[in-house]
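Here the structure comes first, spelled out in structure tokens, and everything after it is commentary.
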Amino acid sequence: MASKNDPFQFQEFDEAGDLLEANRDATTISIDDEDVKPQKQSTATGFSSEADTEDPLANDDQAELLSGQKKSPSFWSFEYYQRFFDIETHHVKERIIGSMMPWPRKNFINVYLRRNPDLYGPFWICTTLVFATAISGNISNFLAHKGNRDYKYTPEFRKVTIAATIIFSYAWLVPLAVWGFLLWRNNKMVNLVSYAFMEIVCVYGYSLSIYIPAVVLWILPFNWLSWCTIVVALCLSGSVLVLTFWPAVRDDHPRVMIAFLSVIVLLNILLAVGCKTYFFTIPGNKTVTPTNSTT
């Protein structure tokens with residue numbers, strides 16, 4: 029028999045015994061069982077006790093991300109366009125070089141954009157081309173009249189506005205027309221390659237990068253050099269556009285394909301020749317007839 033001072037001996041409390049005698053049908057619940065049961069239940073359901081104290085808004089965001097129901101920003105919001113300016117410098121460099129070095133069977137969108145178009149490069153290319161065209165036109169006009177005493181140089185700031193209107197209209201309105209045409213042809217025919225509007229804008233913006241060094245060379249007073257640079261710039265820029273949009277219309281009707289690519293090349297030619305004619309045409313020298321005074 030165990031001693032009374034044995035600590036391992038089971039001891040009954042008087043109050044518990046009295047309660048059990050009063051109510052024979054009552055059951056006892058241990059405190060340890062209460063602690064264990066919720067823990068087992070939380071483990072079985074896959075939630076820990078700490079999850080109850082977390083932020084419910086954070087859980088909602090995680091649930092939206094996992095379910096793919098995260099709302100995309102609106103087209104009219106700033107956040108929608110912010111992602112088009114989030115690009116690394118080396119990516120912009122690769123796209124500029126790729127727009128100046130077209131290769132057969134090399135699609136600019138598939139090789140360089142990879143479904144990640146940007147507006148950072150096209151915006152600064154167009155802006156740089158605007159100022160390069162206007163400033164080079166003023167310098168060319170000044171050098172052509174250098175040494176003429178009857179000529180008084182005045183900077184033409186309106187050329188900046190005109191150049192901005194022409195270049196940005198070409199970089200935005202022409203891609204809008206191309207996107208609408210391709211969307212219309214996709215509704216008419218199946219199995220045609222489709223491009224997003226921002227991808228087309230990106231292609232047109234980077235295709236203008238070759239004209240920046242070209243307009244700087246137009247400052248030199250050599251007409252043959254200016255037209256040679258125009259031909260080279262047209263070939264490179266036009267090749268990028270044709271090679272990019274060729275997969276989108278190659279399965280279309282031959283007449284539609286030829287007309288579509290011809291319009292793209294024609295608009296590119298009009299841009300280059302129009303800028304050369306307007307901004308770099310040297311006005312004729314005005315002859316001043318001297319008046320003889322008799323004394």
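Residue numbers (my numbering): 29 to 323.
Positions of the beta carbon are idealized from the N, C-alpha and C atoms, including for glycine.
Roughly how many angstroms lie between the CA atoms of residue i and residue j, to the nearest whole one?
i: Ile240; j: Leu253; result: 15 Å
i: Arg278; j: Met285; result: 6 Å
i: Asn144; j: Lys187; result: 34 Å
i: Val158; j: Val231; result: 18 Å
i: Val270; j: Thr156; result: 24 Å
i: Ile167; j: Ala242; result: 14 Å
i: Phe308; j: Leu298; result: 15 Å
i: Ser237; j: Cys256; result: 17 Å
i: Pro203; j: Ala224; result: 10 Å
i: Thr305; j: Ser290; result: 22 Å
i: Leu211; j: Ile115; result: 27 Å
i: Trp246; j: Thr189; result: 20 Å
i: Arg123; j: Asn214; result: 27 Å
i: Asn138; j: Leu294; result: 24 Å
i: Leu171; j: Ala192; result: 24 Å
i: Ser222; j: Lys174; result: 53 Å
Reducing DSSP to helix, strand and coil, say where residue i ends up.
i: Asn135; result: coil
i: Asn176; result: coil
i: Ala199; result: helix
i: Tyr234; result: helix
i: Asn144; result: coil
i: Pro130; result: coil
i: Ala160; result: helix
i: Ser222; result: coil
Quick one: measure Cβ to Cβ for residue i and residue j, integer angstroms, because I've assumed they're closer than 8 Å.
i: Phe136; j: Gly126; result: 6 Å
i: Phe113; j: Asp146; result: 7 Å
i: Ala261; j: Ala300; result: 6 Å
i: Gly233; j: Cys154; result: 6 Å
Using 10 angstroms around the beta-carbon of residue i, count the other beta-carbons present and answer buried if the total reaches 16, otherwise exposed.
i: Lys121; result: exposed
i: Ser235; result: buried
i: Cys324; result: Not covered by the structure: residue 324. The range shown for the chain is 29 to 323.
i: Gly165; result: buried
i: Tyr181; result: exposed
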